[in-house]
Amino acid sequence: MSYIVNMQKLNKHFGQLHVLKDIDLQVTQGEVLVIIGASGSGKSTLIRCINGLEDFDAGQLEVDSFKLEPKGKSQQSLNSIRKEVGMVFQQFNLFPHLTVQRNIMLAPLKVRNKSTQDAAKLADKLLARVGIANQAHKHPEQLSGGQQQRVAIARALAMEPRLMLFDEPTSALDPEMVGEVLDVMRGLAKEGMTMLVVTHEMGFAREVADRVIYIHEGCIVEQGTPEEIFDNAQNERTQAFLSRVL
Ligand code: ADP
Ligand code: MG
2 MSYIVNMQKL NKHFGQLHVL KDIDLQVTQG EVLVIIGASG SGKSTLIRCI
52 NGLEDFDAGQ LEVDSFKLEP KGKSQQSLNS IRKEVGMVFQ QFNLFPHLTV
102 QRNIMLAPLK VRNKSTQDAA KLADKLLARV GIANQAHKHP EQLSGGQQQR
152 VAIARALAME PRLMLFDEPT SALDPEMVGE VLDVMRGLAK EGMTMLVVTH
202 EMGFAREVAD RVIYIHEGCI VEQGTPEEIF DNAQNERTQA FLSRVL
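When we follow our numbering, the leftmost residue of the sequence shown carries the number 2, and every step to the right adds one.
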């Protein structure tokens with residue numbers, strides 16, 4: 002069995018703070034995994050380790066068969082991994098001085114060495130896919146938050162990633178815009194994209210996740226199908242967390 006993500010006994014400190022404790026996590030191709038847990042439990046740090054935005058202290062990590070070493074000693078793998086892994090953040094992080102279309106074209110031009118024409122064509126196709134084909138020539142500030150986040154998703158998809166990471170992609174949005182972003186993510190999941198999603202949207206998790214992981218103080222305390230976690234959590238910490246958020 003080959004995994005897209007294979008993490009074994011991963012440990013990470015920030016100074017004295019032990020943020021990730023012996024995390025074991027295997028993700029198979031096409032799997033949609035939702036990570037839940039209280040603020041500060043280590044969710045962002047965990048997924049940031051997967052594309053090397055954070056290094057880790059000890060343990061083993063392979064992403065799409067590229068091996069990442071502890072303490073950031075794997076620049077070559079990092080470059081490879083970042084081509085295969087797309088990431089979408091809470092803050093959209095679009096380039097404000099570029100049009101929407103140019104934002105999406107950037108990586109295909111610079112990293113994939115596509116021609117301007119091909120990159121533009123790809124951008125337009127992706128904008129249509131996330132439902133904002135008519136916004137290509139605007140600047141990010143002219144778009145709503147939900148539209149900007151959809152551009153950010155399109156930008157990540159432009160690298161044709163094998164894995165998509167989402168870190169609370171709807172947390173910065175006004176409530177009326179959450180649905181349009183979740184719809185795009187739901188579509189990706191249906192098409193078979195492998196996805197790791199940190200979210201507080203429990204309805205989305207229940208509907209879309211193949212597996213839900215609950216993290217508490219840097220440990221995976223419990224994991225299972227949405228039914229197992231949301232309807233029948235075994236661990237009392239999971240139960241307490243869910244009783245606060247559901
Ligand atoms: P979550 O995403 O679950 O809210 P994080 O992974 O962001 O949690 O953070 C886990 C813990 O690590 C928190 O206590 C946070 O304050 C701390 N932390 C996160 N990033 C840093 C950093 N760059 N330097 C020091 N501490 C950090
Ligand atoms: Mg976080």
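Heads up, the beta-carbon is just placed ideally off N, CA and C, and yes, glycines get one too.
Nearest-angstrom Cβ-Cβ length linking leucine 95 and alanine 173, presumed shorter than 8 Å: Incorrect: roughly 13 Å between the Cβ atoms, too far for contact.
Glycine 38: first and last residue of the uninterrupted beta strand (DSSP E) it sits in: Run containing glycine 38: none; DSSP gives neither H nor E here.
Cβ-heavy atom distance, glutamate 169 to ligand 2, below 7 Å: yes
beta-carbon leucine 11 near ligand 1 non-hydrogen atom, thresh 7 Å: no
Inter-residue Cα distance where the pair is threonine 46 and glutamate 63: 16 Å
Sub-8 Å separation of arginine 212 and threonine 195 beta-carbons: no
Three-way DSSP call (helix, strand, coil) for glutamate 131 in this model: First, the amino acid is wrong: residue 131 is valine here, not glutamate. Three-state result, valine 131: coil.
Burial state of lysine 13, where buried means 16 or more other Cβ atoms lie within 10 Å: buried
For alanine 241, the three-state DSSP class (helix, strand or coil): helix
3 or more residues per run - each beta strand (DSSP E) lying fully within the stretch 43-86: 59-64 and 67-69
Alpha carbon of serine 42 to alpha carbon of proline 109, nearest angstrom: 35 Å
Valine 199 Cβ short of 7 Å to ligand 2 heavy atom set: yes
Of the listed residues His19, Asp25, Val35 and Phe15, nearest to tyrosine 4 (C-alpha basis): Put simply, of His19, Asp25, Val35 and Phe15 the residue whose alpha carbon is nearest the alpha carbon of tyrosine 4 is Asp25.
Whole-number beta carbon distance between leucine 79 and glycine 53, since they are thought to touch under 8 Å: 4 Å
Every unbroken alpha helix (DSSP H) within the stretch 174-235, with a cutoff of 4 residues, ordered by chain: 176-191 and 203-209
Straight-line gap, alanine 137 to serine 145 (C-alpha atoms, nearest Å): 14 Å
Distance cut-off 7 Å: serine 42 Cβ against heavy atoms of ligand 1: yes
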